Amino acid sequence: MTASHGTAPSPFKQPRAVWAVAFACVVSFMGIGLVDPILPALAGSLHATPSQVSLLFTSYLVVTAVAMLVVGWVSSRIGAKRTLIVGLILIVAFAALAGTSNTIGGIVGFRAGWGLGNALFIATSLAVIVASASGGFAGAIILYETALGLGIAVGPLLGGELGSISWRGPFFGVAVLMFIALVATVAFVPNLPKPEHKTSLAAPLKALRHRGLLTMGIMALLYNWGFFTMLGYAPYPMELNAHKLGLVFTGWGLLVAAFSVFFAPRLQARFGTAPVLYVNLFCLGIVMAVIAIGVNTPAAVIVAVIVSGAFIGINNTLTTQAVMLVSPVERPVASSAYGFVRFIGGGLAPFAAGKLADATNLSVPFYLGGVAFILAIVVLASGHKLVAAAEQGMVEGETVRPSLHPVGDTPTAAYRPVIVAVGATDDAAEIVDAAAMIARDAGRPLEVVHVLETAVVEELAIDAEDAEQAHAAVLDHLDRLFAQGIAATGQVLTSVGDHAAAGRVLAQHADDVDARTIAVGRSPRGPVAQFADGSFTSALTHAAARTVVLVEPGKSAVPVASLIAASPGTAQQNP
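Counting from 1 along the sequence shown, just add 824 to a position and that's the residue number in my numbering.
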């Protein structure tokens, strides 16, 4: 695709439409963390038991789960912008109503409406950012991940500050902030075209017939059971006020964000999806056992909760990655089906934990949460072969491991092409044309490899383009090259999340066809993104037994290896 020595386009230079939705994403991701610091104060003010207060999570998550089944159907019919606006209106209305309520039952009911709005918003926000962003697909993903991390980290802090004034503060705070986002969305986000193919209402449930998706969904259900047990009940044994609880969960949120965005992809690339999840789930089980044993020692609970943020961040990313690896259905459908199952687990856990705590003592729900994490390991092990096969590209249905798909004519024997790798970027044609000059001078044919990217962020997966668009892009390049009298063939290289793996696959292909040179262009991604999920160009350069060069219009080709050697901090910023 692209290498980068020099300045990459900033993902933060965006139109107002993108900033409007990104701001709303930050507030949305504050969500649970915003409410967590006020749980004890809420129970005291409304004379409610912890089990009654836990229904705030149950109503919110169960409605979110059910809504995940229909958001694709709704969005494909009324469009992404309208779906986004409806979701924002529901969040504003029900968050404000929750703030005005004087009964725990009223708040629980209003949280259900809030959950419906959040499902509609989350399911479409990433797609709207990608469609509206300047600087391409990679810049949009970086911006979304930034909003994710900021929301998770800042939510508890803001919740603690507002909650120290009144338990109503976080509810009104969300309503005000989301109202600002709503006005900005209406004013700045343009109408987006509806998808060509409408999603079936039954598609997510039908998708659960596939063993791999169902297995990973059940694993996620058990994981969410343990996670939301901790989130719903850990504030009580800490014995802290809202302000201090906010600080504790801010530390937790910072670890969630950092390990989700930066470290999970690197661990996956080094050890594989399933092995990392096994260790991670076991560590979460240990954390829950520590909380259960130390339930009467606030310091032990505080430390355990903060540390759990690292494991939760890893799990949130890799569980979704595992789902996408084994799902033989379209990614939006897989996301909806997976979201339905996992949020059911998150919704039922606080309710069951509350009943257990009332009947026994506060440590029992945490022990049960720990057992849920261990059972998740057992379920994952039952599907281990599916995940391993998917990572090796040996599953039926959609290809999930990076792989090449020919476009156009089959190359002749003794091919030895110059290969150029490009993506869905504005300068793709210029990069291909510059590489064509190298091929012409060398007397070799050109092979155009178009990289079709899929990004995985939290429970969402989104494609930069669909397979038909990628195929058409290659044909456009081939037609233009044919008109110039340059012999050329084409390939589409699929890439799901792991950019470095795609680079290694292309390197192997280049070796197989005895390519003369591999050409790439300059990257739209920065060093932080490259650190997080791997560099296509770095992996390609290290794995290929031939020269990889950076090509730019009007400039001489430069070997990427020399750029890396000259400036290792900036030379590997590639999707």
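Note that CB positions come from ideal geometry on N, CA and C, so glycine has one too. Please read all numbers here as calculations on a predicted model, not as lab measurements.
Looking only at its own chain, which residues have a Cβ that is under 6 Å from the Cβ of A1263, when we skip the five neighbours before and after it? V1242, L1270
**Prompt:** Using 8 Å as the limit for Cβ to Cβ distance, is L1079 near chain B?
**Reply:** In the structure shown, chain B does not exist; there is a single protein chain.
query = So what does DSSP say about H1301, is it helix, strand or coil?
reply = helix
Given A1196, which residues of its chain have a CB within under 6 Å of its CB, disregarding the five upstream and five downstream residues? L1046, W1049, G1050
Could you tell me if V1072 is buried or exposed, where buried requires 16 or more neighbouring beta carbons within 10 angstroms of its beta carbon? Classification of V1072: buried, given that the 10 Å Cβ count is 16 or more.
query = Less than 8 Å separating the beta-carbons of L858 and A891?
reply = no
**CB-CB length for V1125 against A1058, believed under 8 Å** = 6 Å
* Three-state class that DSSP yields for I1042 in the structure shown -> helix
* From V1275 to G911, what does the alpha carbon distance come to, in whole angstroms? -> 33 Å
What's the gap between the Cα of F918 and the Cα of V851?
C-alpha separation (whole angstroms): 15 Å.
| field | Other residues of its chain near V886: CB distance less than 6 Å, five sequence neighbours each side excluded | value | Leaving aside the five residues that flank V886 on each side, the residues in its chain whose CB is nearer than 6 Å to its CB run, in chain order, G1171.
Does the contact criterion of 3 or more C-beta pairs under 8 Å hold for the segment 868 to 876 versus the segment 996 to 1014?
no
Check: If you count every other CB in all the chains shown that lies within 10 Å of the CB of T1365, and 16 or more means buried, which is it?
Finding: Buried: at least 16 other Cβ atoms inside 10 Å.
Buried or exposed: which applies to G1267, given that a residue is buried once 16 or more other Cβ atoms fall within 10 Å of its Cβ?
exposed
Just checking, does the segment 841 to 849 make contact with the segment 1004 to 1018 on the three C-beta pairs under 8 Å criterion?
-> In this structure the segment 841 to 849 touches the segment 1004 to 1018; the number of beta carbon pairs closer than 8 Å is three or more.
Item checked: Buried versus exposed call for K1379 [16 or more other C-beta atoms within 10 Å across all chains shown] -> exposed
Measuring only the C-alpha atoms, how far is L1037 from R1166? 11 Å
### CA-to-CA distance, V842 to G933, given in whole angstroms
32 Å
- List the DSSP bridge partners of A1245. For A1245, DSSP records a beta bridge to V1273.
Q. What separation, rounded to the nearest whole angstrom, lies between the Cα atoms of A1253 and H1301?
A. Answer to the nearest angstrom: the Cα atoms are 7 Å apart.
- Item | Rounded straight-line distance, which links the Cα of L1142 to that of I1088 | What sits at residue 1088 in the sequence shown is Ala, not Ile. Cα to Cα, the separation comes out at about 7 Å.
Item checked: Residue range of the unbroken beta strand (DSSP E) whose run includes S878 -> Counting along the chain, S878 falls outside any beta strand (DSSP E), and DSSP gives it neither H nor E.
Item checked: Pairwise C-alpha distance: D1290 and I928 -> 46 Å
- Task: Mind checking which residues open and close the alpha helix (DSSP H) that includes I862?
- Result: I862 -> no alpha helix (DSSP H), and no H or E assigned at all.
Is it a yes or a no for the segment 1059 to 1071 touching the segment 980 to 996, going by three-plus beta-carbon pairs under 8 Å?
Two segments are said to touch when three or more pairs of C-beta atoms, one from each, lie closer than 8 Å; by this definition the segment 1059 to 1071 touches the segment 980 to 996.
### Message
Suppose you measure from the CA of I1255 to the CA of L967; what does that come to, to the nearest Å?
### Response
25 Å
Cβ neighbours of A920 in the same chain (closer than 6 Å, five flanking residues each side left out):
A999
message: Taking its Cβ as the centre, do 16 or more other Cβ atoms sit within 10 Å of R840, making it buried, or is it exposed?
response: exposed
Original post:
Would P1028 pass as a contact of A1183 if the rule is Cβ separation under 8 Å?
Top reply: no
In whole angstroms, what separates the C-alpha of Y1191 from that of P1230? 53 Å
### Message
Applying the 10 Å Cβ sphere with the 16-neighbour rule, what's the burial state of D1357?
### Response
Here the model assigns D1357 a pLDDT of 43, short of 50, so the residue's position is not dependable, and the following value carries that caveat. Result: buried.
Host alpha helix (DSSP H) of L1006 (start-end):
It spans 993 to 1012 - the alpha helix (DSSP H) in which L1006 sits, taken as one unbroken run.
With the cut-off set at 8 Å, would you say L1199 and A1260 are in Cβ contact? no
Taking DSSP as the reference, what is the three-state secondary structure of Q1308?
Three-state result, Q1308: coil.
Spell out a yes or no on whether the segment 1012 to 1020 and the segment 1102 to 1117 are touching, meaning 3 or more CB-CB pairs, one atom from each, closer than 8 Å. Look at the beta carbons and you see the segment 1012 to 1020 not touching the segment 1102 to 1117: under three pairs across the two are nearer than 8 Å.
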